[in-house]
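Mind the numbering: the sequence shown is residues 140 to 292 in the working numbering, read in order. Virtual Cβ for every residue (Gly too), placed ideally from N, Cα, C.
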Amino acid sequence: MMNKILFLTGLCLIALLFYPFSGNREHRISCKADVSYQWQDSTLNLFISQNIQDGKGILALSGTLHEKNKEDGYLSKTISFSYREQGYYYHLISDLVINSPQMTMSVQDQRKWLPDFFIEKGKPLLLKIRPYGDKAWLFYSETTPLFVCERSS
Numbered sequence: 140m141m142n143k144i145l146f147l148t149g150l151c152l153i154a155l156l157f158y159p160f161s162g163n164r165e166h167r168i169s170c171k172a173d174v175s176y177q178w179q180d181s182t183l184n185l186f187i188s189q190n191i192q193d194g195k196g197i198l199a200l201s202g203t204l205h206e207k208n209k210e211d212g213y214l215s216k217t218i219s220f221s222y223r224e225q226g227y228y229y230h231l232i233s234d235l236v237i238n239s240p241q242m243t244m245s246v247q248d249q250r251k252w253l254p255d256f257f258i259e260k261g262k263p264l265l266l267k268i269r270p271y272g273d274k275a276w277l278f279y280s281e282t283t284p285l286f287v288c289e290r291s292s
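Written as structure tokens, this is what we have:
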């Protein structure tokens, strides 16, 4: 009887030791990011805010496009989406895309910078999202890091 108790106690201790390394991750992501992308003579500055939990998410995107010899374009939209999670991979589908009335960036310019997920309802997007320390996540497109998103709540 004592051997069984010692065995079970030892098994519990081993499980507790390995628990932090088991890949157990928080399944709620609430974060914000400021990011700038450059391409040729153009710069897209974005503020991104997102909440992801239980198969649903909301992403707010706003910023400005600066192009040489062209008036700045303003981008502001909110995307509601559903997702399926497989490890660190998130398969997103846009459910609703709401453009702000103040937005001045043309659809043609949006398509130069953004995947269809951000422009049209029902479009897919595959992201890899990995924890980055205790207070942030690193977002990837395939193997390319896109931005660091810091915890907002």
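Buried or exposed (CB count within 10 angstroms, at least 16 for buried), residue i
i, result
"F278", "buried"
"Y241", "The displayed chain sequence assigns Gln, not Tyr, to residue 241. So Q241 counts as exposed."
"Q249", "buried"
"Q247", "exposed"
"Y229", "buried"
"F160", "The predicted model places F160 with a pLDDT of 37, which falls under 50 and marks its position as unreliable; any figure quoted below should be read in that light. The residue is exposed, with fewer than 16 neighbouring Cβ atoms inside 10 Å."
Endpoints, the alpha helix (DSSP H) within which residue i is located
i, result
"Q241", "From DSSP, Q241 is part of no alpha helix (DSSP H); its letter is neither H nor E."
Rounded C-alpha distance that separates residue i from residue j
i, j, result
"G272", "V174", "19 angstroms"
"M244", "L204", "8 angstroms"
"K267", "T282", "8 angstroms"
"Q179", "S239", "27 angstroms"
"R269", "L185", "21 angstroms"
"Y370", "D193", "Because the chain is modelled from 140 through 292, residue 370 falls outside the range shown and cannot be assessed."
"K117", "D234", "Nothing can be reported for residue 117: it is not among the residues displayed for the chain, which extend from 140 to 292."
"K195", "K207", "38 angstroms"
"P284", "D211", "26 angstroms"
"G162", "K209", "Low confidence applies to G162: its pLDDT is 43, below 50, so where it sits in the model is not reliable enough to give any reading."
"I191", "S181", "30 angstroms"
"L231", "F256", "8 angstroms"
"K251", "L183", "11 angstroms"
"I237", "L214", "11 angstroms"
"L264", "S280", "9 angstroms"
"I168", "Q189", "8 angstroms"
"R290", "I258", "26 angstroms"
Span of the beta strand (DSSP E), counted from its first residue to its last, around residue i
i, result
"N184", "S181 to Q192"
"L204", "K195 to E206"
"D173", "R167 to W178"
"L285", "T283 to R290"
"G212", "G212 to Q225"
"F257", "First-last for F257: undefined, no H or E at that position."
"K262", "First-last for K262: undefined, no H or E at that position."
"Y271", "Looking at the DSSP string, Y271 is not in any beta strand (DSSP E), and its letter there is neither H nor E."
Residue-chain proximity (residue i, chain C), Cβ-Cβ < 8 angstroms
i, result
"L204", "Of the chains in the structure shown, none is chain C; there is only one protein chain."
Legend entry - contact_flag[the region 217-225, the region 189-205] where n(CB pairs < 8 angstroms) is 3 or more: The region 217-225 is in contact with the region 189-205.
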